Structure formats: structure tokens, C-alpha cells
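Presented below is the structure to which this report refers.
Protein chains: 2
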Amino acid sequence: MGKDKKLNAEQKIIEAAADIFETKGFEGARMQQIADKAGINKALLHYYFRSKDLLFEKVFLKLAGKIFLKFIETFNIEGSIFDKIEMFLQIHQDLLYKNRKFPIFFFNEITRNPDLMRKLMLNLEISKKFQEITKQFDQEKKDGIIRQDVEVSHLIVNIISLSVFPYIGSPAIKEIMKEFDLNYEQFLDERRTMIAQFVINSIKV
Amino acid sequence: MGKDKKLNAEQKIIEAAADIFETKGFEGARMQQIADKAGINKALLHYYFRSKDLLFEKVFLKLAGKIFLKFIETFNIEGSIFDKIEMFLQIHQDLLYKNRKFPIFFFNEITRNPDLMRKLMLNLEISKKFQEITKQFDQEKKDGIIRQDVEVSHLIVNIISLSVFPYIGSPAIKEIMKEFDLNYEQFLDERRTMIAQFVINSIKV
DNA sequence: ACTATTTTTGACTAATTGGTTAAATCATAT
DNA sequence: ATATGATTTAACCAATTAGTCAAAAATAGT
């Protein structure tokens, strides 16, 4: 039954590939480097996954699927619309914090190959969730809890923009903050509560 | 004196390289493809710019410098803080609209090579401008025009997040909107006025 | 213990790619 | 025109890289 290293070469490959692809991107990643990191022979990569393209697609969809799933789960939060926004952002921030390298990797890859986004959406049932949340928001708008001119699609994009961009732009923000003797980590931490405040201030009547 | 094609091989190379690098990224770009697009021999690339790295760095700094310069100019806008935000966003949106491919390219490249950001900042005097704007904002905060709890660094990042992210996430947003029969172009257009409203609503007392 | 099947490897290949070189072409001044 | 220097090219090179293959090693079934 082998030692702990016997935990599936296939699994080890996927983990190593995820890490290399995430840091180097598809074009920058090297099959040899993935093999080294997984502690196996390069030929084994092709034995399990026929080509670099197929390995990448599998890894990408698995990784992005996992993260999007957690992301979508937060749509089920109960409570007032303001509670929802606060809770959603809390969980969303945690998710980003633990997967810092993911956003720029994800958006870069789907830009170079938009088909990946289509495939990802087929796996998940993302649009149904969006439809639900849209209805909920529209209802709360009718109830006069939030401003009438708040458009749900924009609100969602705004919330995601505010939380994701600081990770995408991290090297730029870090460099600029260095000039001001400001601390990027602290900056991220402050945003945890700030973003929700900023959004709620903006949409409440 | 030649015909119009005589406008500098060097210039033609830079334009072609900018286009290829922007769409394919450094790793994905091919020197041969750049040569083809510039309508010259591949060896000429190395004659003018010694290597792919040097060509890339020159093109990146030139392109990013040009865009950042326009970006920084907008900090000089006069008027009330709300006017400033509106004007800034107007110009910023135009700039993004005309350079759609730039944001994801830029942030991806500085992520893979943060040193580029440092070099870019040396060329421009970006931090001085940020310092000026910070003082201005702080003053208007003391004057009680905007909420006391508005932190300037966060406000700037928020504004940039809201305007830049929709371009970075374009393939994702497009795909999701397709499911809802929503139009991405119209969505971008709506944001031109929406973002300023969203920000101002949030920071006004 | 023996056989069949699966997993893993080392050595190899074909294609791509960044980069070089020496010769050819063009431009300019004398 | 012609010598000089800058520009451009075709042909080539060396290194890297994804992918292959046949043989070895491990695993499981009998």
C-alpha cells in the first residue's frame, strides 16, 4: 500500500501543475518543471494527460470550478440586503486572501482563451444563481430599502471590482504604497470592512 | 525620401511589437510574428533591439508610460471634489475604452515581473502626483465636504477598481451577460455616469 | 511462482524559437 | 562613380520544448 507518497501520481501532478500554471501562466509554464515539482517523470504527464493543453484545461477548470463554487455558495446567505452584502464580502475576501495568485491568472487565461469561460460556466450553474440574486435584489429595491436607481448588474460588478482589483493590481499598488511608507497588508485588511461600508453608503436611500 | 513606408523601421517594429505583446503577452509573443507584422526581416528586430527582453521592455515602458501619463494628467483637474471625480472618471473611461487590451496585459506583465513597475515609476513622477492629490482630498475632508471616515488611498483604489475591472474581467462578464441577454457594450456605456454617481453617493456627508 | 496489466522511466525526436552571421542593398558624402 | 557607413536580408545555429517509445519496474490476479 506504499507510503504517503503513494497518494496518486495523478493527484500530485494536478497539484504541481496548478501551482506552476498559476504562477507562470499557460505560456510560461514548462512541462518539465511541473514534472519536477510533482516528483515524477515528464513522460508520466503525457501518460495521464495527453498534452499540455489538456492538462491545462483540466487543471484550470478544476481550480476555477472549486473557487467559483465557493464564490457562488455565498449567494445563499439569508438576511437583509445589507447583511447579505457584508457577509458576501467577508467570505469573498477570505477566499481571495487565500488564493491571491488566482485572480490575475484566471482573467489572463480567459482573455487569451475565452472558450475556457464558456466551459467553466457549463460545469457550474452560475447563471441560475445570478438570476436568483437578481430577483431578490429587485424585490428589495421595490420595498424601498435601497435606491431606485441602483442597477443590480452594476451593483454586483461594483462589489466584485472593489474586492478583486486590489489583488489583480497588487504589484502596482505595492510599489506606489512603498513610496508613501504605507503597508499593503494593512491596506488589504482595512478593506475588509471598508468595502461593505462604501457599497452600503452608496446604495442606501 | 522614400514613400510612406519609409517611416522608420524602428517605429514600425515598435508599433507591431506593441500590438503583438499586448494581445499575446511576453511569453506568448513570437519574434517572427512581430517581424511579419512590421513587414521586415526577423534579424532586423535584433539589429535594432538586441533581444526579445529588451524589445519588450522598451515597448512596455513606452506604451505604459504613454497611458500612465494621460492618466496622471487628469489629477490636475480644477473644481470641487465631486467635479474632479466626475471629470477624472470621464477621461479615465475614455482612455480605457480606447485601450481595452491594455489593462489585463499590463497587470499580467507586472505580476510576472514586478521590476517593470519600478522602472515605470522611475520614468514618470507618479508618486509626487499622488502626494498632491492626497493633500487636496484631505483638505476637502477637513472642510466637511466629504465623510470623515473616507480614507484617500482607499478612495483612489476604489475609483480605479470600478473603472478598470470591467475591462480586465471582460470575457467573464460578457459570457455571463450573454446568458441574460444583456449587452456588454451598453453595460460599459452605462458605467460612464454610474460609477461617478456610485462613488459620490458613497463619500458625501 | 508465474502471468498479465498498469505505472514509471530514460533516452530519443521533431518542431519551434530566439539569436547570429556574412553577404547584399541602400544612402550619403566626396 | 565610388568609397564609406548604415540598413536589410537569407540562411543558419544552438537551445529549448512538447511529445514519443520501448523497456523496466511495480502491482495485482491466478
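Protein sequences, first through last, are from chains A and B.
Start counting the first sequence at 27; every next residue gets the next number (my numbering).
Start counting the second sequence at 27; every next residue gets the next number (my numbering).
We put the CB at the ideal spot given by N, CA and C, even for glycine.
Quick caveat: nothing in here was measured; it's all calculated off a predicted structure.
Worksheet item: Taking the alpha helix (DSSP H) that Q174 (chain A) falls in, what are its first and last residues?
Response: Counted from its first residue, the first sequence places residue 174 (chain A) at position 148. Run containing Q174 (chain A): none; DSSP gives neither H nor E here.
Worksheet item: Taking F13 (chain A) as the reference, which of A:L142, A:Y123, A:E151 has the closest Cα?
Response: In the structure as shown, chain A begins at 27 and stops at 231. Residue 13 (chain A) is therefore absent and cannot be evaluated.
Practice prompt. Tell me, please, whether the CB atom of F224 (chain B) is closer than 8 Å to any CB atom in chain A?
Written response: Counting from 1 along the second sequence, the entry for residue 224 (chain B) is found at position 198. Taking Cβ atoms only, chain A reaches closer than 8 Å to F224 (chain B), which makes this a yes.
Discussion item. Taking a contact to mean a Cβ-Cβ separation below 8 Å, would you say A44 (chain B) touches L89 (chain B) in this structure?
Written reply: The residue given as residue 44 (chain B) occupies position 18 in the second sequence. The residue given as residue 89 (chain B) occupies position 63 in the second sequence. Result yes, Cβ atoms of A44 (chain B) and L89 (chain B) sit closer than 8 Å.
Discussion item. As a quick exercise: from B:E104, B:D207, B:I107, B:Q119, pick the residue whose alpha carbon is nearest that of K96 (chain B).
Written reply: The residue given as residue 96 (chain B) occupies position 70 in the second sequence. It is B:Q119 whose Cα lies nearest to the Cα of K96 (chain B).
Discussion item. Against L208 (chain A), what residues of chain B qualify as contacts under a CB-to-CB distance less than 9 Å, listed in chain order?
Written reply: Numbered from its first residue, the first sequence carries residue 208 (chain A) at position 182. Within chain B, the residues near L208 (chain A) are S179.
Discussion item. Using beta carbons (cut-off 8 Å, strictly below), is G170 (chain A) in contact with chain B?
Written reply: Position 144 of the first sequence, counting from 1, holds the residue named residue 170 (chain A). The beta carbon of G170 (chain A) sits no closer than 8 Å to any beta carbon of chain B.
Worksheet entry | Neighbour list for I199 (chain A) in chain B, Cβ cutoff strictly below 8 Å | Here residue 199 (chain A) refers to the residue found at position 173 when the first sequence is read from its first residue. Residues of chain B passing the Cβ test: V183.
Worksheet item: Which of helix, strand or coil does DSSP assign to D30 (chain A)?
Response: Residue 30 (chain A) sits at position 4 when you count from the first residue of the first sequence. Since pLDDT at D30 (chain A) reaches only 38, below the 50 mark, its modelled position is unreliable, and no value is offered.
Worksheet item: Taking C-alpha atoms, which residue in A:E112, A:I202, A:S106 lies nearest to F163 (chain A)?
Response: For the purposes of this step, residue 163 (chain A) is taken as residue 137 along the first sequence, with counting starting at 1. Answer by Cα proximity: A:S106.
Fill in: Candidates A:I93, A:R144, A:K230, A:E104: closest to E158 (chain A) by CA position
Position 132 of the first sequence, counted from the start, is the residue given in the question as residue 158 (chain A). Comparing Cα positions, the closest option is A:E104.
Discussion item. Here's a check: name, in chain order, each residue in its chain whose Cβ is nearer than 7 Å to the Cβ of K78 (chain B), leaving out the five neighbours to either side.
Written reply: Taking the first residue of the second sequence as 1, we reach residue 78 (chain B) at position 52. These residues qualify, in order along the chain: M57.
Discussion item. When you compare the CB positions of L121 (chain A) and P129 (chain A), do they come within less than 8 Å of one another, or not?
Written reply: Within the first sequence, numbered from 1, the residue matching residue 121 (chain A) stands at position 95. Within the first sequence, numbered from 1, the residue matching residue 129 (chain A) stands at position 103. Taking 8 Å as the Cβ cut-off, L121 (chain A) and P129 (chain A) do not qualify as a contacting pair.
Practice prompt. Name, please, each residue of chain A whose Cβ falls closer than 9 Å to the Cβ of L188 (chain B).
Written response: Translated into positions along the second sequence, residue 188 (chain B) becomes position 162. Those are V183, N184, S187, L188, F191, listed as they occur along chain A.
Worksheet item: Considering only residues of the same chain and omitting the five flanking positions on each side of Y193 (chain B), which have a CB-CB separation below 6 Å?
Response: Here residue 193 (chain B) refers to the residue found at position 167 of the second sequence. So the list reads L122, R126, P129, once near-sequence residues are dropped.
Worksheet entry | Any chain B beta carbon closer than 8 Å to E48 (chain A) | If you number the first sequence from 1, residue 48 (chain A) lands on position 22. False, the Cβ-Cβ gap to chain B never drops below 8 Å.
Fill in: the segment 96-114 of chain B: positions lying closer than 7 Å to chain A by Cβ
none
Worksheet item: Does the pairing of the segment 209-217 of chain A with the segment 202-218 of chain B give three or more beta-carbon distances under 8 Å?
Response: no
Discussion item. I'd like to know whether the C-beta of S153 (chain B) is nearer than 8 Å to at least one C-beta of chain A.
Written reply: Within the second sequence, numbered from 1, the residue matching residue 153 (chain B) stands at position 127. Yes - at least one Cβ of chain A is within 8 Å of the one on S153 (chain B).
Discussion item. Quick check on the DSSP output: the alpha helix (DSSP H) that includes L150 (chain B) runs from which residue to which?
Written reply: Walking along the second sequence from the start, residue 150 (chain B) turns up at place 124. Element bounds for L150 (chain B): n/a, residue is neither H nor E.
Fill in: Cα-Cα separation between V190 (chain A) and A69 (chain B), rounded to whole angstroms
To locate residue 190 (chain A), count along the first sequence from 1; it is residue 164. To locate residue 69 (chain B), count along the second sequence from 1; it is residue 43. Distance between the alpha carbons of V190 (chain A) and A69 (chain B): 42 Å.
Item to complete: Could you list which residues in chain B have their beta carbon closer than 7 Å to that of M143 (chain A), in chain order?
Response: Reading the first sequence from its first residue, position 117 is the one you call residue 143 (chain A). Think of a sphere of 7 Å around the beta carbon of M143 (chain A): the chain B residues whose beta carbon falls inside it are P197, A198, E201, in chain order.
Worksheet item: Would you say M57 (chain B) faces chain A, with C-beta separation under 8 Å as the test?
Response: Reading the second sequence from its first residue, position 31 is the one you call residue 57 (chain B). For M57 (chain B), the answer is no, since every Cβ of chain A falls outside 8 Å of its Cβ.
Item to complete: Please decide whether N227 (chain B) counts as near chain A, where near means a Cβ-Cβ distance under 8 Å.
Response: Residue 227 (chain B) sits at position 201 when you count from the first residue of the second sequence. Yes, contact with chain A.
Worksheet item: To the nearest whole angstrom, what separates the beta carbons of V176 (chain B) and I229 (chain B), a pair I think is in contact under 8 Å?
Response: Looking up residue 176 (chain B) in the second sequence gives position 150. Looking up residue 229 (chain B) in the second sequence gives position 203. Correct: roughly 5 Å between the Cβ atoms.
Discussion item. Taking a contact to mean a Cβ-Cβ separation below 8 Å, would you say F94 (chain B) touches F52 (chain B) in this structure?
Written reply: By one-based count along the second sequence, residue 94 (chain B) stands at place 68. By one-based count along the second sequence, residue 52 (chain B) stands at place 26. Cβ distance not < 8 Å, so F94 (chain B) and F52 (chain B) don't count as in contact.
Worksheet item: In whole angstroms, what separates the C-alpha of V225 (chain B) from that of K63 (chain B)?
Response: Within the second sequence, the letter at position 199 stands for residue 225 (chain B). Within the second sequence, the letter at position 37 stands for residue 63 (chain B). For V225 (chain B) and K63 (chain B), the distance between alpha carbons rounds to 42 Å.
Discussion item. Can you tell me whether K127 (chain B) is helix, strand or coil according to DSSP?
Written reply: Position 101 of the second sequence, counting from 1, holds the residue named residue 127 (chain B). Here K127 (chain B) sits in coil by DSSP.
Practice prompt. Name the two residues that bound the continuous alpha helix (DSSP H) containing D207 (chain B).
Written response: Here residue 207 (chain B) refers to the residue found at position 181 of the second sequence. It is not in any alpha helix (DSSP H) - D207 (chain B) carries neither H nor E in the DSSP assignment.
Worksheet item: Along chain A, which residues have their Cβ under 7 Å away from the Cβ of E205 (chain B)?
Response: Taking the first residue of the second sequence as position 1, residue 205 (chain B) is located at position 179. Here the neighbours are S153.
Discussion item. Can you find the residues in the same chain that come closer than 7 Å, C-beta to C-beta, to I172 (chain A), ignoring five residues on each side of it along the sequence?
Written reply: Here residue 172 (chain A) corresponds to residue number 146 of the first sequence, with the count starting at 1. Excluding sequence neighbours, I172 (chain A) sits near I107, E166, I229, K230, V231.
Worksheet entry | In DSSP terms, what K230 (chain A) is bridged to | The residue given as residue 230 (chain A) occupies position 204 in the first sequence. DSSP, once it has assigned bridges, lists A:I172 as partnering K230 (chain A).
Worksheet item: By DSSP, does A55 (chain B) sit in helix, in strand, or in coil?
Response: Numbered from 1 along the second sequence, position 29 holds the residue referred to as residue 55 (chain B). Three-state DSSP puts A55 (chain B) in coil, outside helix and strand.
Worksheet item: Does the separation of the CB atoms of P197 (chain A) and I111 (chain B) fall below 8 Å?
Response: What you label residue 197 (chain A) is simply residue 171 of the first sequence in a count that begins at 1. What you label residue 111 (chain B) is simply residue 85 of the second sequence in a count that begins at 1. Not a contact, by the Cβ cut-off of 8 Å.
Worksheet item: CB-CB under 7 Å to G65 (chain A), same chain, minus the five flanking residues each way: which ones, in chain order?
Response: Within the first sequence, residue 65 (chain A) is the residue found at index 39, counting from 1. Closer than 7 Å at the Cβ level, and outside the excluded window around G65 (chain A), lie K38.
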